[in-house]
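So the protein lines, in turn, are chains A, B, C and D.
With positions in the first sequence counted from 1, the corresponding number in the working numbering is that position plus 20.
With positions in the second sequence counted from 1, the corresponding number in the working numbering is that position plus 58.
With positions in the third sequence counted from 1, the corresponding number in the working numbering is that position plus 221.
With positions in the fourth sequence counted from 1, the corresponding number in the working numbering is that position plus 10.
To start, the structure itself, in structure tokens.
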Amino acid sequence: MSPELVSQLSVGGSTLVLLAGLAMLWRRGVRAHIGAFTAQSVALAATTAMVGWFTGDWQLWAVAALLLLIKGVGIPILLERMARRFGTERELEPYVNTATSLLVGGLLVLLAYLVTARLVSVSQLPTRTGMPLAMGLVFVSLFVIISRKKALTQVLGFLMLENAVALLAVLGTHGIPIIVEIGVFLDVALGFIVMQVFVYQIHETFESIDVEQLNRLRE
Amino acid sequence: MSPWLLGPVQAALALLLAPGLVGAIRWMKARLQNRSGAPPWQPYLELRKLFAKEVVVSNNASWLFRAAPFIVFGSTVAVTLLVPLLAVPLPFEGAGDLLVVVYLLLLGTFFLALAGLDPGSPFGGMGASREMTVAALAEPTMALAIFALAWSAGSTNLGHIAARMLATPTEGLAPGHVLAFAAIFVVTLAETGRLPVDNPATHLELTMIHEAMVLEYSGRYLALIEWAAALKLLVFFTLLGNLFAPWGIAAALTPGALLWAVLTLALKLLALGGVVALVETHIAKLRLFRVPELLSASFILALLAVTASFLLR
Amino acid sequence: MRALFLLLIAGYASGAAAALALGSGALSRWASALGAIVGASAGLALAAGVCIRGAAFSLDAPGFFGPVGGMAFTLDPLGAVFLALTSLVAAPSALYGAGYARLWEGRPALRQVGFMLNVFLLTMSLVPLAGGTLTFLLVWEGMSLSSYFLVMTESDEPEVVSAGQWYLAMTQIGLACLLGSFLLLQSGGPGGFSALRAAALTLPPGTRDAVFALALIGFGSKAGLIPLHVWLPRAHPAAPSHVSALMSGAMIKMGIYGLLRVSLDLLGGGPAWWGGLVLALGAVSALLGVLYALMEHDLKSLLAYHSVENIGLITMGVGAGLLFGSLQMPAAATLALVAALYHTINHAVFKGLLFLGAGAVLHATGMRDMNRLGGLIRGMPWTAALFLVGSAAISGLPPLNGFVSEWLLFQSLLPGIGAPSPLVAVLMVLSLGMLALTAGLCAACFVKAFGITFLAIPRSPEAAAAHEASWSMRAGMVVLAVACLALSIGAFEIVPRLSSFVAPLVGVAGPAPAFSVVLALQTPGGFARMSPSLVAAGLALVVLTAWLAVKAFASRRPVRVGETWGCGRVVQTPRMEYTATAFAEPLRRIFAAVYRPSEDVSVDFHPDSRYFVQSISYHSAIVPWFERYLYAPVISRIRSWSERVLALQSGSAHAYLTYLVLALVLLLGWLVVTGQP
Amino acid sequence: MGLLSKILRTGIVTEPLGTGDSEVVHLVREVDAEARRLFGRALGIREVDAGSCNGCEIEITGLMSPVYDSERFGFHFVASPRHADLLLVTGPVTRNMEVPLRKTYDATPDPKLVVAVGDCARTCGVFAGSYAVAGSVDSVIPVDVFVDGCPPEPTHILRGILTALQSGRA
């Protein structure tokens, strides 16, 4: 593949990943959020595979396969189960309304473009062009975590943050050793399970997974 | 054929095709609703009937109410002289670029909204207010999408953009273009009063946007406005089809090339119409105050399009 | 040249003298107007001469004001543009004023307005002619004070008085900043601009920044940049309408002139952040201006907020010009400045027209509240048609002039993406988005302004009884409306000249970038082409053809006039119509985060049962946030201080003597300490 | 996607014009021909409920259903009498609806037809003599055709429209 094509594809891939993240800000339903996360993971896996194809590095292929398996299939199934368990609680009243959230998301992407500009200019890799978008996704998922109320949405925000970091690594350094990657996966799985337990607990206690309820713990 | 003749030919062709496009979309929607539906040429019959009918005008309406249909119709027809319908280089290349197209369409909207206010009917005012709101909120998306297009093409002239796309087809798959296409598609839905922004088949005054403004019109005036609306849809589809995928557009004004151009244009219009029909079958109308969310989503698409073209420069 | 210059002064002076001499009758109305028209025509001729020749005209009069170093006048093309637009608005407004002033006949107000208007026009025309610091400040202050007196014409109404106070305060703050700026700029010497130009190059960067910042505040407060715009929505409605037309059409442009003169001409451009700051200020002013205009239902306040918006657009052009200039992109800089200048001229014309139209409405109905107007298109067809032209022009609709300059403005932002620094590119993208949103909202706002005011059923007896304006008022408006069309169709002649004027300012060596090919505008490098004249011709042709075709082929049944369709409701009353407030309601809800409207609903129930509601009263107000968070605290602080000072004024003579003695002692002590004789 | 597959599985359910010789088929053939002749096969219908029990409305809705799908003859219900060629009036005219009905008739541009649907429209049905009823439809506006039945079937309404078209006041 020609470097131009690769840089185009990496921009395209990371755009898809980012759009899936922004979809979190747009849609309200939990199911839609899970769908967005699944799509994002698949797009991420595809991008990784593309880079792997370009570099001819088998480890990246493996990472892509793992991504597809764990984040594209495994975690979504668990999430679906949680969603079914809690009924589909919608993000009816986020702290920031939808239109504003979207605009903030756009500004965050521009900000990411600014902060990564120098990084991109020094890097020589053809995949560097996607990095600002990956950084944008980092910001966006942080924004999702702080601006949404439902614990489930926040879990998704965390998972997207992890996706963003993985994308950044793949694009910026053409992938990290698979051992590290596996370790990260384990962390994520662990963190995910812990959070799952928390969410269950919150639901047990308050009959809702609206973290606003946690304020009641004070008195 | 001289290039100056091409302009009128384009306008005539657009006027000819526009009602058929609307009819085709209605027919496809009917089929998707498991009905046999009206034949695609139904709109022509309706226009013929309306031109033959009597005109009833409100006693509160002024001369503006009678002038507006001609201005709305005229401004939309003028646009068809500028867009690359059949061939590049365009007949009136120097006369106007993409921004001029946007402003000419705004001219039509402006006068239609005034005509909605003129009879003093509450529905007309409601329609005018909503139409202008949607139009205003759609502007930024359009501007940024134009920005992304123009930057990669090195010009805002429609002919340049199409020609550039023909010269380097890979550009068409660049993320910037795909995103800009998506953004302009959403704007098309909003500006031409399709679902999920406005329901073209609604009978409920309180949910209307476009219909509410034309409730007062009858006879030939209504015919002009409906025709202009169809024409506007065709213009947006042509922009989508011939700026992003200008294949089949004639490079030389030979009869064969032009014929092929007409054929491909019709195919593109049908394809886009099919997509719209599918969309309208699948999704419901948004509440008016959810529309800004849709438009800000399209704005994000346009913003990403520009960012992508930054990254790849 | 010199003759024209003297004729300009003579015309205005004689107008002022006539107003004083001929008392307050029809004669004095017409005499003072005639003087103003003569002066304005002379000014226009002078400006045209300089523009066509391209050579500056200069005249030194060390005689006048000897003590302050005499007056110096020069008129270079840049100044000529502003002199031209001032005179362009001045003549029709004066003609209009002659008719408008009838309502003051037999009152001193007539004499006062006639005199002050001529003084105002004279000083304002001299501002772009000023060739030195002192001259500039002198005529500038003259302009500000005379306009203040004009605002205070109806000074028996309380809101007029408060408007006057706001206006005076803002102009004096501005003047203070200008003094500071020029003092920093002028290291001694007579302060001719040519001397300053040379001196500015040697100034340390810090001083240059300070000069620029002070000039930005000073001129920005005159131009009405947010947040220094607070006086506009107050002063414009208070002033007589032809005066508002002049203030909004011409006077606030002097702020732009000053900004261009100081930052580009005298300082010769600066670091990139100057341009960035100005661009950002412009974008914010444009968007907030139009957003607050949408919420207005006072016709003249609405127009005033649109002045804020358009000044914002112009400032965006200026900022982009400065920015590109500092980035060594001369072609782009020229384009941006041309866009700014052209929009300045266009805004002068159509905003003048709109204010005159609003004045005619006020004259005919005695009302500015759109929610009580309506249906005027029957009573006053001329005014309605002319106001419609103005509305279409300011909304940037083809084929009128606003469209041309907005197109140029868009095109001038597009090259920004090619700028080396990503920050600039992002800034350009954001301001482009804001520009587009502003344009759209402006169209929505003028659908409201025209539709609610002139169309449908009158909402009050006064509106129903409206009469057409007098011939001189109509003539004034017609001139400006024709100018709207001419400035669009003739753009391919005017724009290249403008580019040749501004190109030297941004350091374009040799010929200015080409801007037009036959009948069409072309941005430098052929990035885009557009031909207003062809668009106009095409539109006219198509509309005419459609009309003829329908005449020929459609049914010839006579048009039947029936009742408005309202789902069969028994009778339609004006209360059923959409009002200005209702029209803007969706946007108000969408942008609630910006407006932060205060809403209180009070329901009083029937004494017996809460199930029966007797009345529901809803009240909502929008206080612009910069007034709430910026001005209100300052004002209250000042008030508390002044009260503290008041404590000194005890009224007893002893106390005052004590103050005197204390002052004397302190003074002597200071002299002793500093050891001066 | 579920929706799409359902659409495909269902297929077109409209009564075909070509095959079979049920009453509907004959009828729709005639209607088709007449509509073509008179209104250039494009007929805007404005439905006015002058006080009906909504029984007739349910049947009228049937006209637009996929089965009858009268849109295929170029009939379509419009949002304003200004766009209409034919008024479909149901129910006895109540006192409150008398003026609106008249206004609707005036608002409709010529040529125009009026079809009164249901027994109530002709005889005021069970509501006859009520203090709230102003009278039958033809006591308020000129009626071209009455469609009997309480409520009439869609086919009868179609026949009524057809007769109105044939009466050719248009």
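In this text, a Cβ means the ideal position worked out from N, Cα and C, and glycines have one as well.
Query, Result
"Using a beta-carbon distance below 8 Å, is VAL99/D in contact with chain B?", "no"
"Please identify, using Cβ separations under 7 Å, the residues of the region 121-154 of chain A that lie next to chain C, in order along the chain.", "LEU130, TYR133, LEU134, ALA137"
"Nearest-angstrom Cα distance between TYR880/C and LEU892/C?", "18 Å"
"Report yes if the C-beta distance between HIS527/C and ILE447/C is below 8 Å; otherwise report no.", "no"
"Exposed or buried, which one is HIS218/B when buried takes at least 16 other CB atoms within 10 Å?", "buried"
"What does DSSP give as the partner residues of GLN743/C in its beta bridges?", "ARG750/C"
"Quick check: what's the CA-CA separation for MET151/A versus GLY12/D?", "37 Å"
"For the structure I just gave you, are there three or more beta carbon pairs, one from the region 83-90 of chain D and one from the region 99-116 of chain D, closer than 8 Å?", "no"
"Starting from VAL272/B, trace the beta strand (DSSP E) both ways and give me its first and last residue.", "That residue, VAL272/B, is in no beta strand (DSSP E); its alpha helix (DSSP H) goes 268-272."
"Hey, THR35/A and LEU237/B: beta-carbon distance below 8 Å or not?", "yes"
"Check whether the region 331-345 of chain C and the region 705-725 of chain C are in contact - that is, three or more C-beta pairs closer than 8 Å.", "no"
"Quick one, which residues of the region 63-89 of chain D are near chain B if we go by CB-CB under 7 Å, in chain order?", "PRO76, ASP79, GLU81, ARG82, GLY84, PHE87, ALA89"
"Name, please, each residue of chain D whose Cβ falls closer than 8 Å to the Cβ of GLU784/C.", "LYS113, ASP116, ALA117"
"Return the CA-CA distance between ASN257/B and LEU344/B, expressed in angstroms with no decimal places.", "10 Å"
"In whole angstroms, what separates the C-alpha of LEU404/C from that of LYS443/C?", "19 Å"
"Using a Cβ-Cβ cut-off of 6 Å (strictly less than) and excluding sequence neighbours within five positions of GLY260/C, which residues of its own chain qualify?", "LEU229, GLY232, TYR233"
"With 16 other CB atoms within 10 Å as the buried threshold, where does GLN870/C fall?", "exposed"
"With DSSP run on the structure shown, which of helix, strand or coil describes SER167/A?", "helix"
"Would you mind telling me which residues of chain D sit closer than 7 Å to VAL791/C, beta carbon to beta carbon, in chain order?", "VAL109"
"My parser needs the alpha helix (DSSP H) runs of 4 or more residues fully inside the region 621-695 of chain C; what are they?", "622-634, 643-675, 682-685"
"How big is the Cα-Cα spacing for PHE833/C and THR118/A?", "38 Å"
"In whole angstroms, what separates the C-alpha of LEU29/A from that of LEU191/A?", "11 Å"
"Using beta-carbon positions only, say whether MET537/C and LEU500/C come within less than 8 Å of one another.", "yes"
"Give every residue of the same chain whose Cβ lies closer than 7 Å to the Cβ of PRO426/C, excluding the five residues on either side of it in the sequence, and list them in chain order.", "none"
"In chain A, what lies closer than 7 Å to ALA814/C by C-beta?", "THR120"
"Using a Cβ distance threshold of 8 Å, determine whether the region 646-663 of chain C contacts the region 564-571 of chain C, with at least three qualifying pairs required.", "no"
"Give me whichever residues DSSP pairs with MET292/C in a beta bridge.", "ALA282/C"
"What's the C-alpha gap between THR199/B and LEU353/B?", "8 Å"
"Is it right to say LEU265/C is buried, meaning 16 or more other beta carbons lie within 10 angstroms of its own, or is it exposed?", "buried"
"THR365/B by DSSP, collapsed to three states: which one?", "helix"
"Is the CB of ALA803/C under 8 Å away from at least one CB in chain B?", "yes"
"On the criterion of 16 or more Cβ atoms from any shown chain inside 10 Å, does GLU24/A qualify as buried, or is it exposed?", "exposed"
"Once DSSP output is grouped into helix, strand and coil, what is the label at ARG104/A?", "helix"
"Measure the alpha-carbon distance for PHE357/C versus GLY510/C and round it to whole angstroms.", "29 Å"
"To which residues of the same chain is ALA208/B closer than 8 Å at the C-beta, ignoring the five residues directly before and after it?", "LEU156, THR214, ILE219"
"Can you list the alpha helix (DSSP H) stretches of 4 or more residues lying completely in the region 410-480 of chain C, in chain order?", "414-421, 426-444, 453-459, 462-467, 473-480"
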